[in-house]
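What follows is a single structure, written as structure tokens, with notes after it.
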Amino acid sequence: MKTRMRELRARDGLNQTQLAKLTKVSRQTISLIEREELIPSLLIAARIARVFNEPVESIFLIEEDEL
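Residue 28 in full-length UniProt numbering sits at position 28 of the sequence shown, with consecutive numbering throughout.
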């Protein structure tokens, strides 16, 4: 699953620690999601989307071969 989180954090001037606090997860969790080593739960994905004011599907992109 591809993610635009790093791009959106840069756009909004947030570091991983700040995003982690806003989404109530650890900085390590944010790092793992950004490195595409962890697929976020629906709840975490929704929190991230709310912070960036973007639809979940515009942040997390599922490749056809992942379905």
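Every residue gets a Cβ at the ideal spot worked out from N, C-alpha and C, and that includes glycine.
Between which two residues does the alpha helix (DSSP H) holding Lys21 run? Mapped onto the sequence shown, residue 21 falls at position 21. It spans 16-23 - the alpha helix (DSSP H) in which Lys21 sits, taken as one unbroken run.
Would you tell me roughly how many angstroms separate the C-alpha atoms of Glu7 and Asn53, rounded to the nearest one? For the purposes of this step, residue 7 is taken as residue 7 along the sequence shown, with counting starting at 1. For the purposes of this step, residue 53 is taken as residue 53 along the sequence shown, with counting starting at 1. Approximately 14 Å between the Cα atoms of the pair.
Euclidean distance between Cα positions of Ile39 and Asp12: For the purposes of this step, residue 39 is taken as the residue at position 39 of the sequence shown. For the purposes of this step, residue 12 is taken as the residue at position 12 of the sequence shown. Approximately 22 Å, taken between the alpha carbons.
Our contact map puts Thr23 next to Arg47 with C-beta atoms below 8 Å; I'd like the distance itself, whole angstroms only. Working through the sequence shown from its first residue, we reach residue 23 at position 23. Working through the sequence shown from its first residue, we reach residue 47 at position 47. Confirmed, about 4 Å.
Classify Arg9: buried if its beta carbon has 16 or more other beta carbons within 10 angstroms, exposed otherwise. Reading the sequence shown from its first residue, position 9 is the one you call residue 9. Buried, by the Cβ-count rule.
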